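Student: Start counting at 1 in the sequence shown, then tack on 132, and there's your number in the numbering used here.
Cβ atoms here follow ideal geometry from the backbone N, Cα and C, with glycine treated the same way.
No experiment lies behind these values; they were computed from the predicted model shown.
So that we are looking at the same thing, I have put the structure below in structure tokens.
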Amino acid sequence: MLVSRCTALTYDPARLHEPEHATAAALVGLARRVTALTEEITLLDRQVTPIVQSAAPRTTALFGVGPEVAAQLLITAGDNPDRLHSEAALAHLCGAAPTPASSGRVRRHRLHRGGDRSANHALHTIAVCRMRYDPRTRAYLHRRIAEGLSKQEILRCLKRYIVRDVYTTLRADFAALTA
């Protein structure tokens with residue numbers, strides 16, 4: 133709505149030295165750029181969706197995994213999936229591997245802050261989607277809250293669990309591609 137209003141603004145090119153007309157000209161230019169980029173994003177989304185679904189049908193079938201998330205996970209795995217020898221390797225690569233952060237008698241873990249941050253964001257997207265809409269994940273969430281874990285700790289555990297699912301399906305998708 134704001135973009136369409138900015139596109140409809142009028143200004144006098146001969147009066148661009150006046151702040152009102154200069155501002156209107158800048159807003160019209162930005163609005164046109166936003167419109168063009170939105171159309172380009174829509175076109176690219178339509179192109180990438182069938183490619184990702186044909187390359188990784190099992191991965192895109194996972195709950196909470198859309199084409200963009202699956203594409204990011206495929207990019208993270210790379211063209212040499214054999215380097216991911218275990219789900220722990222994928223978790224470390226995605227920044228979802230637990231790192232000890234204990235102090236005294238309190239035993240805690242936090243997420244590894246290294247790894248591919250975009251892949252970690254993809255896992256976060258899956259986790260949030262599952263926490264909202266997946267009954268099994270919601271039951272897990274309530275159980276872990278009852279155990280005294282914070283939402284951040286539960287999210288860390290959930291990301292690691294998601295990596296297990298993703299690793300299994302990615303391996304199956306890569307095996308189907310090479311077969």
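Just to confirm before moving on: does the CB-CB distance between residue 194 and residue 299 stay below 9 Å?
Tutor: Against the sequence shown, residue 194 aligns to sequence position 62. Against the sequence shown, residue 299 aligns to sequence position 167. No, the pair does not count as a contact, with Cβ atoms beyond the cut-off.
Student: Based on Cα-Cα distance, which residue from 280, 263 and 250 lies nearest to residue 225?
Tutor: Translated into the one-based positions of the sequence shown, residue 225 becomes position 93. That would be 250, whose Cα lies nearest to the Cα of residue 225.
Student: When you compare only the Cα positions, how much space is there between residue 285 and residue 261?
Tutor: Along the sequence shown, read from residue 1 onward, the residue named residue 285 stands at position 153. Along the sequence shown, read from residue 1 onward, the residue named residue 261 stands at position 129. Distance between the alpha carbons of residue 285 and residue 261: 17 Å.
Student: How is the alpha helix (DSSP H) around residue 231 delimited, first residue to last?
Tutor: Along the sequence shown, one-based indexing puts residue 231 at 99. Counting along the chain, residue 231 falls outside any alpha helix (DSSP H), though it belongs to the beta strand (DSSP E) covering 230-232.
Student: Rounded to the nearest angstrom, what separates residue 187 and residue 197 at their Cα positions?
Tutor: Locating residue 187 in the sequence shown gives position 55, counting from the first residue. Locating residue 197 in the sequence shown gives position 65, counting from the first residue. Cα to Cα, residue 187 sits roughly 14 Å from residue 197.
Student: If you run the structure through DSSP and keep just helix, strand and coil, what is residue 217?
Tutor: For the purposes of this step, residue 217 is identified with residue 85 of the sequence shown, where counting begins at 1. DSSP places residue 217 in coil when its eight states are reduced to three.
Student: Do you know how far the Cα of residue 283 is from the Cα of residue 277?
Tutor: One-based indexing of the sequence shown puts residue 277 at position 145. One-based indexing of the sequence shown puts residue 283 at position 151. When rounded, the distance between both Cα atoms is 7 Å.
Student: Could you check which residue in 230, 231, 209 and 154 has the C-alpha nearest to that of residue 222?
Tutor: Translated into the one-based positions of the sequence shown, residue 222 becomes position 90. Closest option to residue 222, Cα to Cα, is 209.
Student: Measuring alpha carbon to alpha carbon, tell me which residue in 157, 181 and 200 is nearest residue 255.
Tutor: Here residue 255 is taken as the residue at index 123 of the sequence shown, counted from 1. Ranking the options by Cα distance to residue 255, first place goes to 200.
Student: Between residue 291 and the rest of its own chain, which residues show a CB-CB distance below 6 Å, the 5 nearest in sequence each way excluded?
Tutor: For the purposes of this step, residue 291 is identified with residue 159 of the sequence shown, where counting begins at 1. Excluding sequence neighbours, residue 291 sits near 228, 255 and 259.
Student: Please classify residue 294 as buried or exposed, where buried requires at least 16 other C-beta atoms within 10 Å of its C-beta.
Tutor: Along the sequence shown, read from residue 1 onward, the residue named residue 294 stands at position 162. So residue 294 counts as buried.
Student: Helix or strand or just coil, what does DSSP make of residue 149?
Tutor: For this step, residue 149 is matched to residue 17 along the sequence shown. Coil.
Student: Determine the direct distance from the alpha carbon of residue 156 to that of residue 143, and round the result to whole angstroms.
Tutor: In the sequence shown, counting from the first residue as 1, residue 143 sits at position 11. In the sequence shown, counting from the first residue as 1, residue 156 sits at position 24. Their backbone Cα atoms lie some 6 Å apart in a straight line.
Student: For residue 287, which option in 190, 301 and 264 has the closest C-alpha, if you only look at C-alpha atoms?
Tutor: In the sequence shown, the residue the question calls residue 287 occupies position 155. Checked all of 190, 301 and 264; the closest Cα to residue 287 is 264.
Student: Once the 5 residues before and after residue 166 are set aside, which same chain residues still bring their CB inside 7 Å of it?
Tutor: Residue 166 sits at position 34 when you count from the first residue of the sequence shown. The residues are 135.
Student: Using beta-carbon positions only, say whether residue 191 and residue 305 come within less than 9 Å of one another.
Tutor: As a working mapping, residue 191 is identified with position 59 in the sequence shown. As a working mapping, residue 305 is identified with position 173 in the sequence shown. Yes; because the gap between Cβ atoms is below 9 Å, this pair is in contact.
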